[in-house]
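Using this note's numbering, you'd call the opening residue of the sequence shown number 4 and step up by one each time.
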Amino acid sequence: MLVVERLQRLGFGPFELTLAPGECVGIAGPSGAGKSVFLRMIADLDPHDGTARLADAAREAMPAPAWRRLVTYLPAESGWWAETVGAHMTDSVRARALLPALLLPDDVLSWPVTRLSTGERQRLALIRALIQEPRVLLLDEPTSALDPAATAAVETLLRQALARGTSLILVSHDAHQTARLGRRQLAMAAGQLHAVAP
């Protein structure tokens, strides 16, 4: 279980949130409202006050890389630092097994990163995150560059992750997507989270 307590920075929060294993919370809101800031604070990527813990493990009690393997932030546009796709994957066998589910070619791991489209990068970044087996995925517009078929494929993979007990916080401008995947809907406005009536 992920517990966020009094998480805040100037103009944003304080935020309180509890997320059960296998639960997806959808967050919608206009650009600049604080959705990405909220995710980045949970992942300990931006300066802030407050805390987060996973079960009984406080974020402050472990090194930042260890926390981020358990609570993984996936931005809409992930970074790529090596020349080839496969060099970014910690387990190429598991990565290759996920390619068909996301409608990606069998040989894409051997491609140079410069050959990838924006949508291919987005799906491969999701694979890169999933093979680490995080307990929580913080998803920031994970299908913003995808067509309907690829979006459906991503959502199917995310449902499978939920069924395995992975928790998701899903930020999306697509209210239909957050409704399809999320048990709870929240709205972010002016740096504050509000519950959305079902």
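Virtual Cβ for every residue (Gly too), placed ideally from N, Cα, C.
Run through DSSP, which three-state label would residue i get?
i, result
"P115", "strand"
"E19", "strand"
"H179", "helix"
"R72", "helix"
"S81", "coil"
"A100", "helix"
"M65", "coil"
"M4", "coil"
"V199", "coil"
"A36", "coil"
Alpha carbons only, please: which of the options is nearest the one belonging to residue i?
i, options, result
"T169", "A61, L13, D177 and L73", "L73"
"G185", "L13, S147, G194 and G25", "G25"
"L101", "R118, R131, H91 and E80", "R131"
"R56", "L48, M65, D49 and T117", "M65"
"A79", "L189, P137 and V174", "V174"
"V157", "V139, G122 and R187", "G122"
"G194", "G32, V28 and A23", "G32"
So is residue i buried or exposed if we call it buried at 16+ other beta carbons inside 10 Å?
i, result
"S120", "exposed"
"G37", "buried"
"R167", "exposed"
"H179", "exposed"
"S39", "buried"
"W70", "buried"
"R9", "exposed"
"A98", "buried"
"T93", "exposed"
Taking Cβ to Cβ, would you say residue i is nearer than 7 Å to residue j?
i, j, result
"L196", "F18", "yes"
"I30", "L189", "yes"
Indicate whether the contact test is met: 3 or more Cβ pairs, each with one atom in the stretch 12-22 and one in the stretch 156-167, closer than 8 Å.
no
Segment contact, 8 Å Cβ cut-off, at least three pairs: the stretch 100-114 with the stretch 36-53
no
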